[in-house]
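Q:
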Amino acid sequence: MKKLLTIAALALFAASVNADVVYLTNGDKISGKVQTVGGGKMKIASELAGDIEIALENVSSFETKEPVEMHLKDGSTLNQPVEKGSEGCIQTKETELLKPQKLKIDSISSVNPPAPEKPRWKGSISGGVSVSSGNTDKTDYNLSAYMQKRTEQDRITLSADYAQSEQTNDDTGEERTTEEWWKTRAKFDYFLSKKLYAFIDGRYETDKIADLDRRVLIGGGLGYQWIESAAMNFSTDLGVASRYEKYDNEPDSSTELSGQASYHFDKQMMDNLMFIHELTFYPSFESLSDEYYVSTFAELKYQMTDAIFASFKSILDYDKSPAAGTESTDKKYMFSIGVDF
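The sequence shown begins at 731 in this note's numbering and counts up by one.
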């Protein structure tokens, strides 16, 4: 029996000798294995207490027996064992090639971060239908699709919106289309640095009720990604574009060169509610006061489950020189249910 207790004590001592140690600001310490640091928290695997997660602000220092991959807030990366340092600090262990380096804990962005997710297409598809019968026979439906693929070097964004509305005359039984339009867009961003990127984009739009046979916009320039995170994104673009328009009630089409200025903003307002807003302004180089086009939208996206959402989207287009007999301002509203992928 004494022999078994001695073996157990030696095993426990060996485990503690080979364990990492985390020193807390209240004077306590935790032995185990430092797994990760990220999001202001440290995860430790302890043989006695299991997995532990503590706020990084409560860590005074820590030491590891094996090298850990540390990403610092200045963008540099280290892969070395670390030793206990003074309050709020650690020190990398000296090797044949590297001298010891003192680091503040709050300068560490992450430790042993998970492998980055392989770039893939992400997006959503949504649609809505409204049917009225009785005094008014009317059918409305809309479809929207959005896809984006982000790599470290580039970003591809594709989107499309479509809506149609048909109303039946109760006296004649004749069906009349009161709304039919669609908008598509493709954009490619190539990042020249972490924030600065060059872009090219194209849009194709048509609106039967506004007599717009087609509007084609092709542009390019430079953009800046001010904020990019899971909670909020904000970017601005500036460049030039070619705008082509052809209306059904006019014999000639028009093509002109214009500027292009835009921004994109989205923010997670709550855990299940996101706000998205985007605006693009095309001022004509020939006559800014008489020729310009603005396209903007705002959307509220409510997550009902991890994949299913409800969306309300408001689209506003303003054409300073619309087709004859049509208004400059065109507003559209879309309520839909969709799925993320």
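The beta-carbon is built from N, C-alpha and C at its ideal position, and this holds for glycine as well.
For clarity, every value in this text was computed on a predicted model and none was experimentally measured.
1. Buried or exposed: Gly1068, going by 16 or more other Cβ atoms within 10 Å of its Cβ?
2. Please report the Cβ distance between Pro830 and Pro811, rounded to the nearest whole angstrom; I am assuming they are in contact, meaning their Cβ atoms lie under 8 Å.
3. Strictly by DSSP, which residues pair up with Ser856?
4. Would Ala775 count as contacting chain D if we go by Cβ distances under 8 Å?
5. Between which two residues does the beta strand (DSSP E) holding Met1004 run?
6. Could you tell me which residues DSSP pairs with Leu1030 in its beta bridges?
7. Can you say whether Phe792 is buried or exposed, counting buried as having 16 or more other CB atoms within 10 angstroms of its CB?
8. Return the chain-ordered list of same chain residues with a C-beta closer than 6 Å to the C-beta of Ser1044, the five sequence neighbours on each side being excluded.
9. Where do the N-terminal and C-terminal ends of the beta strand (DSSP E) with Asn899 fall, by residue?
10. What are the partner residues of Asp996, as DSSP defines its beta bridges?
11. Should Val970 and Leu952 be called a contact, given that it needs their Cβ atoms to be closer than 8 Å?
12. In chain order, what residues of the same chain lie with their CB nearer than 7 Å to the CB of Ala1040, ignoring the 5 residues before and after it?
13. Go ahead and label Phe1015 buried or exposed: buried means 16 or more other beta carbons lie within 10 angstroms of its beta carbon, across all protein chains shown.
14. Going by alpha carbons, who is nearest to Lys763 out of Gly770, Gly769 and Tyr753?
15. Taking contact to mean 3 or more Cβ pairs, one atom from each stretch, closer than 8 Å, check whether the stretch 869 to 888 and the stretch 918 to 925 are in contact.
16. Helix, strand or coil for Leu786, going by three-state DSSP, please let me know.
17. Measure the alpha-carbon distance for Asp937 versus Gly770 and round it to whole angstroms.
18. So for Arg919, helix, strand or coil by DSSP?
19. Output the distance between the C-alpha atoms of Ser1058 and Asp1020, rounded to the nearest integer angstrom.
20. In this structure, does DSSP put Asp1036 in helix, strand or coil?
A: So, from the listed chains and residues:
1. For the purposes of this step, residue 1068 is identified with residue 338 of the sequence shown, where counting begins at 1. Buried is the label assigned to Gly1068, since at least 16 other Cβ atoms lie within 10 Å of its Cβ.
2. Counting from 1 along the sequence shown, the entry for residue 830 is found at position 100. Counting from 1 along the sequence shown, the entry for residue 811 is found at position 81. Between Pro811 and Pro830 the Cβ distance is about 11 Å, and since that is not below 8 Å, they are no contact.
3. The residue labelled residue 856 in the question sits at position 126 within the sequence shown. Note: Ser856 is bridge-paired with Ser874 and Gly1068 in the DSSP secondary-structure output.
4. Among the chains of the structure shown, chain D does not appear; only one protein chain is present.
5. On the sequence shown, position 274 is the one that residue 1004 refers to. Per DSSP, Met1004 belongs to the beta strand (DSSP E) from Leu1003 to Pro1013.
6. Residue 1030 sits at position 300 when you count from the first residue of the sequence shown. Phe1005 and Phe1042.
7. The residue you call residue 792 lines up with position 62 of the sequence shown. Classification of Phe792: buried, given that the 10 Å Cβ count is 16 or more.
8. By one-based count along the sequence shown, residue 1044 stands at place 314. Within its own chain, the residues whose Cβ lies closer than 6 Å to the Cβ of Ser1044, once the five positions on either side in sequence are excluded, are Ala1028 and Tyr1063, listed in chain order.
9. As a working mapping, residue 899 is identified with position 169 in the sequence shown. No beta strand (DSSP E) holds Asn899; DSSP gives it neither H nor E.
10. Counting from one through the sequence shown, the residue named residue 996 turns up at place 266. Asn963 and Ile1006.
11. The count along the sequence shown starts at 1 and reaches residue 970 at position 240. The count along the sequence shown starts at 1 and reaches residue 952 at position 222. Contact flag unset, no.
12. Reading the sequence shown from its first residue, position 310 is the one you call residue 1040. So the list reads Tyr1032, Met1034 and Ile1067, once near-sequence residues are dropped.
13. Within the sequence shown, residue 1015 is the residue found at index 285, counting from 1. With fewer than 16 other beta carbons inside 10 angstroms of its own, Phe1015 counts as exposed.
14. Mapped onto the sequence shown, residue 763 falls at position 33. Of the listed residues, the one whose Cα sits closest to Lys763 is Tyr753.
15. Here the stretch 869 to 888 makes contact with the stretch 918 to 925; the two share three or more CB pairs at distances below 8 Å.
16. Along the sequence shown, read from residue 1 onward, the residue named residue 786 stands at position 56. Leu786 falls in the helix class under three-state DSSP.
17. Locating residue 937 in the sequence shown gives position 207, counting from the first residue. Locating residue 770 in the sequence shown gives position 40, counting from the first residue. Computed Cα separation, rounded: 50 Å.
18. The residue given as residue 919 occupies position 189 in the sequence shown. In the sequence on display, residue 919 carries Asp and not Arg. Strand.
19. As a working note, residue 1058 is residue 328 in the sequence shown. As a working note, residue 1020 is residue 290 in the sequence shown. Cα-Cα distance, rounded: 12 Å.
20. Indexing the sequence shown from 1 puts residue 1036 at position 306. Three-state DSSP puts Asp1036 in coil, outside helix and strand.
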